[in-house]
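First residue of the sequence shown: 274, per the working numbering; consecutive thereafter. Ideal Cβ placement from N, Cα and C applies to all residues, glycine included. The structure appears right after this line, and notes come after that.
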Amino acid sequence: MTGDTDCVGLLQWALPRLGLRWPGFRRVRGQVCKRIDRRIHTLGISGPAAYMAYLSEHPEEWKVLDGLCTVSISRFYRDRAVFDYLGDAVLPTLARRATERSERTVRCWSAGCASGEEPYTLNLIWRQRMSLQFPLATLTIVATDFDACLLDRARVACYSRSSLKELPHAWIGEAFMCQGNECCLRDAWRTGVEFRQQDIRQDQPAGPFDLVLCRNLAFTYFDSSMQLRILERLAERISAVGYLVVGRYETVPSGTPFISCAPGLGVYRRVP
Numbered sequence: 274m275t276g277d278t279d280c281v282g283l284l285q286w287a288l289p290r291l292g293l294r295w296p297g298f299r300r301v302r303g304q305v306c307k308r309i310d311r312r313i314h315t316l317g318i319s320g321p322a323a324y325m326a327y328l329s330e331h332p333e334e335w336k337v338l339d340g341l342c343t344v345s346i347s348r349f350y351r352d353r354a355v356f357d358y359l360g361d362a363v364l365p366t367l368a369r370r371a372t373e374r375s376e377r378t379v380r381c382w383s384a385g386c387a388s389g390e391e392p393y394t395l396n397l398i399w400r401q402r403m404s405l406q407f408p409l410a411t412l413t414i415v416a417t418d419f420d421a422c423l424l425d426r427a428r429v430a431c432y433s434r435s436s437l438k439e440l441p442h443a444w445i446g447e448a449f450m451c452q453g454n455e456c457c458l459r460d461a462w463r464t465g466v467e468f469r470q471q472d473i474r475q476d477q478p479a480g481p482f483d484l485v486l487c488r489n490l491a492f493t494y495f496d497s498s499m500q501l502r503i504l505e506r507l508a509e510r511i512s513a514v515g516y517l518v519v520g521r522y523e524t525v526p527s528g529t530p531f532i533s534c535a536p537g538l539g540v541y542r543r544v545p
């Protein structure tokens, strides 16, 4: 088993070479270090120091390490105050605008969607609240992630009860089929959500989007130069009066076309 100190040393050396930043990984290093430890065991080498040498001698291994550094921590309605604000203020605004357009569709993008909890939460809020208030408007969600295995889980849409603990109980009873500790989202509640394998650093879905959620991803784990590049691409894909949601403890760099509309919640509005 790789020691914490040795793994930290490896990460502090390797992350900048991947365009990633160590502070974002400090609290979640255990998850990443376990994967690296398994990789070192698979390769049959002695430890982090030997792995650093292996990376220097085998450039193709950097892509493997990049995949090992993905972090997936998710559950339904994660950060309740954020989703409450989206349901109370943002989604009604977008639904009202959509009813005034000929298309009448609100388009959303969930970047770094992991195993689907975030986009499905958004879909649940829409169907439980917006579809009643704005029956002419529809919601479509493009959900992207780097990890194909997580996306496979998202498409199956079965979760442990603990992942649903922050959802209203009535929603669970209506939207899920539960047996023992496993709850599977009913097919009708998956409608409108499309999953795609994409690395946000290299590829993004075509806009424009009315709402983009990029929470606890680019502005936590990527270095400053990559953050600015990602922000430019997000700005290109968000409509002139659209919204961007980042993590509660993340901030959008100044001098960009976004203004905060919910301090402490990470919700920004695009400035035309």
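Thinking C-beta only, is Pro530 closer than 7 Å to Val544?
As a first step, residue 544 must be located in the sequence shown, where it is residue number 271. As a first step, residue 530 must be located in the sequence shown, where it is residue number 257. Yes.
Could you tell me the boundaries of the beta strand (DSSP E) in which Gln477 lies?
For the purposes of this step, residue 477 is taken as the residue at position 204 of the sequence shown. Per DSSP, Gln477 belongs to no beta strand (DSSP E) and is neither H nor E.
List in chain order: all unbroken beta strand (DSSP E) runs of 3+ residues lying wholly within the stretch 335-390.
378-384
Selection from Arg474, Leu412 and Pro481 that minimises the alpha carbon distance to Ala571:
Examination of residue 571 is not possible in this model, given that the chain is present from 274 through 545 alone.
Are Arg542 and Asp352 closer than 7 Å when you measure CB to CB?
To locate residue 542, count along the sequence shown from 1; it is residue 269. To locate residue 352, count along the sequence shown from 1; it is residue 79. Taking 7 Å as the Cβ cut-off, Arg542 and Asp352 do not qualify as a contacting pair.
Nearest-angstrom Cα distance between Met274 and Asp310?
Start at 1 with the first residue of the sequence shown, and residue 274 comes out as number 1. Start at 1 with the first residue of the sequence shown, and residue 310 comes out as number 37. With a pLDDT of only 47 at Met274, under the threshold of 50, the placement of this residue in the model should not be trusted; the figure read from the coordinates follows. About 6 Å.
Please work out which residues of its chain come closer than 6 Å, Cβ to Cβ, to Gly297, disregarding the five sequence neighbours upstream and downstream, and give them in chain order.
For the purposes of this step, residue 297 is taken as residue 24 along the sequence shown, with counting starting at 1. Result list for Gly297: Thr493 and Tyr494, in chain order.
Met274 by DSSP, collapsed to three states: which one?
The residue labelled residue 274 in the question sits at position 1 within the sequence shown. Any reading at Met274 must be qualified, since the residue scores a pLDDT of 47, below 50, and its modelled position is unreliable; the value itself is stated next. Met274 falls in the coil class under three-state DSSP.
Residue ranges of each beta strand (DSSP E) within the stretch 450-537, 3 or longer
455-458, 466-470, 482-486, 511-518 and 531-535
Since Leu328 is in the alpha helix (DSSP H), which residue starts that stretch and which ends it?
Position 55 of the sequence shown, counting from 1, holds the residue named residue 328. That run of the alpha helix (DSSP H) goes Pro321 to Glu330.
Run through the DSSP bridge pairs and tell me what Ser433 is partnered with.
Looking up residue 433 in the sequence shown gives position 160. Glu455.
Using the Cβ count rule (16 or more neighbours within 10 Å means buried), how would you classify Asn454?
Residue numbering aside, residue 454 sits at position 181 when the sequence shown is read from its first letter. With fewer than 16 Cβ atoms within 10 Å of its Cβ, Asn454 is classed as exposed.
Determine the extent of the beta strand (DSSP E) in which Ile414 is found, giving its start and end residues.
As a working note, residue 414 is residue 141 in the sequence shown. Run containing Ile414: Thr411 to Asp418, per the beta strand (DSSP E) assignment.
Please return the same chain residues whose Cβ sits closer than 7 Å to the Cβ of Leu504, not counting the five positions on each side in sequence.
Start at 1 with the first residue of the sequence shown, and residue 504 comes out as number 231. Taken in chain order, the residues that qualify are Val525, Pro526 and Thr529.
Would the beta-carbon of Arg380 fall within 7 Å of that of Asp483?
As a working mapping, residue 380 is identified with position 107 in the sequence shown. As a working mapping, residue 483 is identified with position 210 in the sequence shown. Yes, the Cβ-Cβ distance between Arg380 and Asp483 is below 7 Å.
With 16 other Cβ atoms within 10 Å as the buried cut-off, status of Cys422:
Taking the first residue of the sequence shown as 1, we reach residue 422 at position 149. Under this definition Cys422 is an exposed residue.
Can you grab the Cα-Cα spacing for the pair Glu523 / Gln285, in whole Å?
In the sequence shown, residue 523 corresponds to position 250, counting from 1. In the sequence shown, residue 285 corresponds to position 12, counting from 1. Roughly 21 Å between the two C-alpha positions.
Considering only their Cβ atoms, is the gap separating Asn396 from Val485 smaller than 7 Å?
If you number the sequence shown from 1, residue 485 lands on position 212. If you number the sequence shown from 1, residue 396 lands on position 123. Not closer than 7 Å, so no.
Could you check where the beta strand (DSSP E) with Arg299 kicks off and where it finishes?
Residue 299 sits at position 26 when you count from the first residue of the sequence shown. Element bounds for Arg299: n/a, residue is neither H nor E.
Where Glu544 falls: helix, strand or coil (DSSP):
Numbered from its first residue, the sequence shown carries residue 544 at position 271. It should be noted that the sequence gives Val, not Glu, for residue 544. The answer is coil: DSSP assigns Val544 none of H, G, I, E or B.
Beta-carbon within less than 6 Å of Val363's beta-carbon, same chain only, minus the 5 sequence neighbours each way: which residues are those?
Here residue 363 refers to the residue found at position 90 when the sequence shown is read from its first residue. Same-chain partners within the cutoff: Tyr516.
Report the rounded CA-to-CA distance for Asp357 versus Ile532, giving the unit in angstroms.
If you number the sequence shown from 1, residue 357 lands on position 84. If you number the sequence shown from 1, residue 532 lands on position 259. Cα to Cα, the separation comes out at about 19 Å.
Going by CA-CA distance only, name the one from Thr417, Ile398 and Phe407 that's closest to Pro215.
Shown here, the chain extends from 274 to 545; a query on residue 215 therefore has no answer.
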